[in-house]
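Below is one structure, written out as structure tokens; the observations come after it.
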Ligand code: CAA
């Protein structure tokens, strides 16, 4: 028998996350959207109640949860505000390559202080000329004795302005393609590391996204993850988990939009009846509910494979593109159900629709995620 109900412990995690999100995040979501800022106090509180560093093992001062537990928590957080939740959750992607390829000594040295302090980190892969084609990155790492010298520029880096450390990917030889890429742990205070342009975005306004500039940044050899040329694999492994997390972003957004649309459709009266009773809108609501629930099942399935230590690259990609396409469709329909009011900033659904667009783009565009899933099907 397949049982889709969360365990008692998972229900407790869900309640903690829901209570926190509804008390600390939801009431300020519109304010942060209108006036973007680093949600330092909210991050501090999330850290204090154990809602950060969810899947990082306890021995490295994380919460030691499975990915399915984390997905259940993350849906609640994202239903309140995906931008603020993104800033709380970013360490899972940023530290993913360290967990995938780092030595025990590196994990102890870098993850324990980060996780204990409640500080945040960033994942530095993307460049102006290397977005979908991440293997084509140009940031150079040159070995000089006992250290590497890094030169290049990263863009669209989530949380770049506030990170205490970065997982940076650079190549020792661009002619080797993905096999020339190395992963490095680069502390914020490294001389030569600076923050460039901060992006002014359509949605997810308080999610900090900026350039990271590396000018002759000296990184000790012992900060390299694994062997030379293994970095791309560690980035991809981190993105497998990251894509499940982004599926929960889509899921949280879609659920919030659906709930807002349903409540509105029950109370808004036109032609003497609640508008949700008209078949055109009633069918829309049914489709929205089905899409939200199927997104959750795909997401939980991918997460459960990860928890069983099975390869889940295809399922993570499928959950990501399906849940985030759902978020775009459901938030758009939620605006439609609200009519003219939905297009105004007075109603939450306007923000949700803008926030949803980014989910189809980051952590691999949905075209790239279809490439990943389709490629796996053909192998
Ligand atoms: N796990 C383990 N290994 C993997 C892997 C995975 N998921 N995916 C690929 N690899 C390995 C492959 O097996 C291959 O190894 P071998 O050569 O030994 O067989 C190697 O990595 C190279 O793989 P590919 O040949 O498939 O590489 P590619 O150059 O064709 O690229 C790609 C594949 C899927 C398109 C990849 O470039 C990609 O994912 N692009 C999108 C990048 C992306 O998602 N960026 C997001 C940035 S972060 C962000 O947006 C987050 C944020 O700020 C919130």
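Numbering (my numbering), first residue to last: 23 to 401.
Note that the Cβ used here is the ideal one computed from N, Cα and C, for glycine as well.
Note that this is a predicted model, so its numbers are computed, not measured.
In the DSSP assignment, what are the bridge partners of residue i?
| i | result |
| --- | --- |
| residue 192 | 204 |
| residue 170 | 165 and 241 |
| residue 217 | 234 |
| residue 146 | 190 |
| residue 246 | 206 |
| residue 291 | 296 |
| residue 175 | 235 |
Is residue i buried or exposed, if buried means 16 or more other CB atoms sit within 10 Å of its CB?
| i | result |
| --- | --- |
| residue 129 | buried |
| residue 61 | buried |
| residue 294 | exposed |
| residue 211 | exposed |
| residue 142 | buried |
| residue 168 | exposed |
| residue 327 | buried |
| residue 397 | exposed |
| residue 24 | exposed |
| residue 305 | exposed |
| residue 237 | exposed |
| residue 263 | buried |
| residue 49 | exposed |
| residue 400 | exposed |
| residue 205 | buried |
| residue 249 | exposed |
| residue 151 | exposed |
| residue 366 | exposed |
| residue 34 | exposed |
| residue 360 | buried |
| residue 114 | buried |
| residue 165 | exposed |
Leaving out five residues on either side along the sequence, give the residues of the same chain with a beta carbon under 6 Å from the beta carbon of residue i.
| i | result |
| --- | --- |
| residue 15 | With the chain running from 23 to 401 in the structure shown, residue 15 is simply not present. |
| residue 203 | 191, 193, 253 and 254 |
| residue 116 | 143, 144, 145 and 189 |
| residue 312 | none |
Which class does residue i belong to by DSSP, given the choice of helix, strand or coil?
| i | result |
| --- | --- |
| residue 180 | strand |
| residue 382 | coil |
| residue 152 | strand |
| residue 141 | coil |
| residue 337 | helix |
| residue 353 | helix |
| residue 323 | helix |
| residue 390 | helix |
| residue 113 | helix |
| residue 274 | helix |
| residue 60 | coil |
| residue 258 | helix |
| residue 267 | helix |
| residue 75 | coil |
| residue 224 | coil |
| residue 26 | coil |
| residue 282 | helix |
| residue 90 | helix |
| residue 44 | helix |
| residue 121 | helix |
| residue 344 | helix |
| residue 397 | helix |
By Cβ distance below 8 Å, which residues in the same chain neighbour residue i in space, the five residues on each side in sequence not counted?
| i | result |
| --- | --- |
| residue 149 | 159, 160, 161, 174, 175, 176 and 177 |
| residue 269 | 93, 317, 320, 321, 324, 338, 341, 342, 344, 345 and 346 |
| residue 107 | 43, 47, 96, 99, 100, 271 and 274 |
| residue 389 | 154 |
CB-CB under 7 Å to residue i, same chain, minus the five flanking residues each way: which ones, in chain order?
| i | result |
| --- | --- |
| residue 344 | 317 and 320 |
| residue 146 | 176, 179, 188, 189, 190, 191 and 234 |
| residue 403 | Outside the displayed range of the chain (23 to 401) lies residue 403, so it cannot be described from this structure. |
| residue 226 | 104, 105, 108, 377 and 380 |
| residue 279 | 352, 353, 356, 371 and 374 |
| residue 140 | 65, 66, 69 and 74 |
Measuring only between beta-carbons, confirm whether residue i sits less than 8 Å from chain B.
| i | result |
| --- | --- |
| residue 192 | Considering every chain present, this structure includes no chain B. It has just one protein chain. |
Going by the C-beta, is residue i closer than 7 Å to any heavy atom of ligand 2?
| i | result |
| --- | --- |
| residue 224 | For the structure depicted, ligand 2 is absent and the ligand set comprises only ligand 1. |
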